[in-house]
Amino acid sequence: MRIAFVGKGGSGKTTLSALFSRHLARSGAPVLAIDGDINQHLAEALGGEEESAPPLGTHVPEIKRFLRGDNRRIPSPEAMIKTTPPGRGSRLLRPLGDDELHARHVGRAGGVPLMVTGEFDESDLGVACYHSKLGAVELYLSHLLDGPGEYVVVDMTAGADAFASGLFTRFDLTFLVAEPTRKGVSVYRQYRDHAEQFGIRIAVVGNKVTCEDDLLFLKEQVGDDLLTHLVHSPWVRAAEQGRAGSGPDELASLEPHNRHALDVLREAVDSRPRDWDRLHRHAVEFHLRNVRAWADARTGEDLAAQVDPDYVPGPLARS
């Protein structure tokens with residue numbers, strides 16, 4: 001199952017992405033965390049020793065070459081763009097599978113497998129946007145055959161910037177982290193309005209709640225979209241200052257209310273059935289949008305032809 005954490009900058013979405021990933025890992029569940037935020041702080045939030053791996057965003061040509069496989073609708077890796085959907089012959093992935101992409105790009109932090117998109121470097125400044133790197137995550141998720149009990153947790157870019165690409169449609173559930181302030185819920189309104197157009201399910205997670213008035217404010221502002229909330233956490237503050245332990249087992253010291261909130265998040269994910277048809281339909285829709293907007297003109301090719309009308313998404317695609 002694929003889970004995104006979004007929210008205003010400073011809302012705590014990276015912290016919650018890390019807490020949820022560690023919570024899943026502590027239970028023994030297979031989990032992969034992906035840092036898709038331009039600030040790239042997820043490894044630090046996960047804590048512990050980091051085993052770094054090459055970032056996805058600086059190896060996009062190799063990733064395209066690998067995922068293309070024997071798909072006859074894609075004449076070359078160069079003809080692939082970030083929205084190119086899988087088709088018959090594409091190389092599909094299992095989460096943390098035994099393949100060269102995972103072997104090369106999965107590191108670890110705090111005992112949790114981790115992929116990173118990568119930071120801007122000097123060659124990017126003034127000539128590229130961060131979505132050029134996030135395209136690698138979009139391609140990865142589009143070619144992923146994950147199932148129930150398998151979790152991919154993505155820490156997304158702050159604010160409504162996630163809507164600048166079709167990546168926001170790649171998830172089973174999106175958790176929007178909101179502080180109990182007017183600024184905190186403003187991003188919720190933006191995200192809700194955009195997501196409703198595509199049938200995207202969002203659930204609000206209140207964060208940094210200190211009193212009943214904070215909780216009442218969130219309930220008044222987001223209504224039934226409020227799934228749960230976390231209270232102010234001395235444990236998290238200690239972890240951010242390097243005074244808490246690292247590794248999944250250390251999460252046992254997290255405040256009981258906040259551990260319960262993480263249980264609620266997992267229950268929400270596990271109760272959400274996978275809709276393979278919706279995922280693939282959105283992948284095709286956003287591919288065609290990009291084709292019309294810029295891709296055909298830039299490449300000089302008819303990239304709409306990359307859509308395979310006979311491709312069956314989901315587990316049957318393995319055969």
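Heads up, the sequence shown is in UniProt numbering, so the first residue is 1 and it goes up one at a time.
Even for Gly, the Cβ is constructed at its ideal location relative to N, Cα and C.
Alpha carbon to alpha carbon, how far is Y151 from M1? Walking along the sequence shown from the start, residue 151 turns up at place 151. Walking along the sequence shown from the start, residue 1 turns up at place 1. Distance between the alpha carbons of Y151 and M1: 5 Å.
Which listed residue (E196, V231 and A178) has its alpha carbon closest to that of V222: Your numbering for residue 222 matches position 222 in the sequence shown. For V222, the nearest C-alpha among the options comes from A178.
Terminal residues of the continuous beta strand (DSSP E) containing K8? Mapped onto the sequence shown, residue 8 falls at position 8. Where K8 is concerned, there is no enclosing beta strand (DSSP E), given that its DSSP letter is neither H nor E.
Pick helix, strand or coil for I202, following the three-state DSSP scheme. Here residue 202 refers to the residue found at position 202 when the sequence shown is read from its first residue. Note: I202 maps to strand in three-state DSSP.
In this structure, does DSSP put A317 in helix, strand or coil? Position 317 of the sequence shown, counted from the start, is the residue given in the question as residue 317. DSSP places A317 in helix when its eight states are reduced to three.
Does the Cβ of G206 have 16 or more other Cβ atoms within 10 Å, making it buried, or fewer, making it exposed? Along the sequence shown, one-based indexing puts residue 206 at 206. Counting Cβ neighbours within 10 Å, G206 comes out buried, since at least 16 surround it.
Using CA atoms only, rank isn't needed, just tell me which of G7, Q40, D270 and F286 is closest to T117. The count along the sequence shown starts at 1 and reaches residue 117 at position 117. In terms of CA proximity to T117, Q40 leads the group G7, Q40, D270 and F286.
Is there a C-beta anywhere in chain C that falls below 8 Å from the one on E250? In the displayed structure, chain C is absent; only one protein chain is listed.
Inter-stretch contact (C-beta, 8 Å, three-pair minimum) for the segment 40-52 and the segment 85-99: no
According to DSSP, residues forming a beta bridge with A109: For the purposes of this step, residue 109 is identified with residue 109 of the sequence shown, where counting begins at 1. In the DSSP output, where bridge partners are listed per residue, A109 has E50 and V112.
Where does I34 fall in DSSP's three states? Taking the first residue of the sequence shown as 1, we reach residue 34 at position 34. Note: I34 maps to strand in three-state DSSP.
Measure from the alpha carbon of L93 to the alpha carbon of each residue in P55, L145, M115 and T84, then state which is nearest. Residue 93 sits at position 93 when you count from the first residue of the sequence shown. Check the Cα spacing between L93 and each of P55, L145, M115 and T84: the tightest is with L145.
Spatial neighbours of V209 in its chain, beta-carbon cut-off 8 Å, leaving aside the 5 residues before and after: By 1-based counting over the sequence shown, the position of residue 209 is 209. So the list reads P180, L215, L218, H229, L230, V231 and H232, once near-sequence residues are dropped.
Assuming K8 contacts A158 (C-beta within less than 8 Å), just tell me the rounded distance between them. In the sequence shown, counting from the first residue as 1, residue 8 sits at position 8. In the sequence shown, counting from the first residue as 1, residue 158 sits at position 158. Going by Cβ atoms, the distance from K8 to A158 rounds to 6 Å, so yes, they are a contact pair.
Could you pull the DSSP bridge partners for V209 from this structure? On the sequence shown, residue 209 is found 209 positions in, with the first residue counted as 1. Its beta-bridge partners are V231.
May I ask you to list the residues that DSSP assigns as paired with Y151? For this step, residue 151 is matched to residue 151 along the sequence shown. Looking at the DSSP output, Y151 shares a beta bridge with V31.
Measuring straight from C-alpha to C-alpha, what distance separates S27 and A239? Here residue 27 corresponds to residue number 27 of the sequence shown, with the count starting at 1. Here residue 239 corresponds to residue number 239 of the sequence shown, with the count starting at 1. Each residue's Cα considered, the two are about 20 Å apart.
Within a Cβ cutoff of 6 Å, which residues of the same chain sit near V284, ignoring the five residues on either side of it in sequence? By one-based count along the sequence shown, residue 284 stands at place 284. Hits under 6 Å: P85 and V307.
Cα-Cα separation between K183 and A160, rounded to whole angstroms: One-based indexing of the sequence shown puts residue 183 at position 183. One-based indexing of the sequence shown puts residue 160 at position 160. Here the alpha carbons of A160 and K183 stand approximately 13 Å from one another.
Can the beta-carbon of G36 be found closer than 8 Å to that of L134? Counting from one through the sequence shown, the residue named residue 36 turns up at place 36. Counting from one through the sequence shown, the residue named residue 134 turns up at place 134. Yes.
Beta-carbon proximity list for A305, same chain, < 7 Å, skipping 5 on both sides: For the purposes of this step, residue 305 is identified with residue 305 of the sequence shown, where counting begins at 1. The residues are R73.
6 Å CB neighbourhood of V31 in its chain, flanking five on each side removed: For the purposes of this step, residue 31 is taken as the residue at position 31 of the sequence shown. Counting only Cβ-Cβ distances below 6 Å, and skipping sequence neighbours, we find S21, L24, A25 and Y151.
By how many angstroms is the C-alpha of L226 removed from the C-alpha of G87? Translated into the one-based positions of the sequence shown, residue 87 becomes position 87. Translated into the one-based positions of the sequence shown, residue 226 becomes position 226. Straight-line Cα distance between these residues: approximately 38 Å.
Taking its Cβ as the centre, do 16 or more other Cβ atoms sit within 10 Å of G10, making it buried, or is it exposed? Along the sequence shown, one-based indexing puts residue 10 at 10. It is exposed - the Cβ of G10 has fewer than 16 other Cβ atoms within 10 Å.
Taking the beta carbon of S271 as the centre, do at least 16 other beta carbons fall within 10 Å, making it buried, or is it exposed? Counting from 1 along the sequence shown, the entry for residue 271 is found at position 271. Result: exposed.
May I have the straight-line CA-CA distance separating R201 from T58, to the nearest angstrom? Here residue 201 is taken as the residue at index 201 of the sequence shown, counted from 1. Here residue 58 is taken as the residue at index 58 of the sequence shown, counted from 1. Near 31 Å, if we compare the C-alpha coordinates of T58 and R201.
What do you reckon, are the CB atoms on S17 and V153 nearer than 8 Å? Counted from its first residue, the sequence shown places residue 17 at position 17. Counted from its first residue, the sequence shown places residue 153 at position 153. A contact, by the Cβ cut-off of 8 Å.
Roughly how many angstroms separate the alpha carbons of V60 and A136, rounded to a whole number? Translated into the one-based positions of the sequence shown, residue 60 becomes position 60. Translated into the one-based positions of the sequence shown, residue 136 becomes position 136. Cα-Cα distance, rounded: 6 Å.
Under a three-way DSSP split, which group does F171 fall into? In the sequence shown, the residue the question calls residue 171 occupies position 171. Coil.
Close-in-space but distant-in-sequence residues of the same chain around P54 (CB under 7 Å, 5 per side omitted): Counted from its first residue, the sequence shown places residue 54 at position 54. Closer than 7 Å at the Cβ level, and outside the excluded window around P54, lie R104 and H105.
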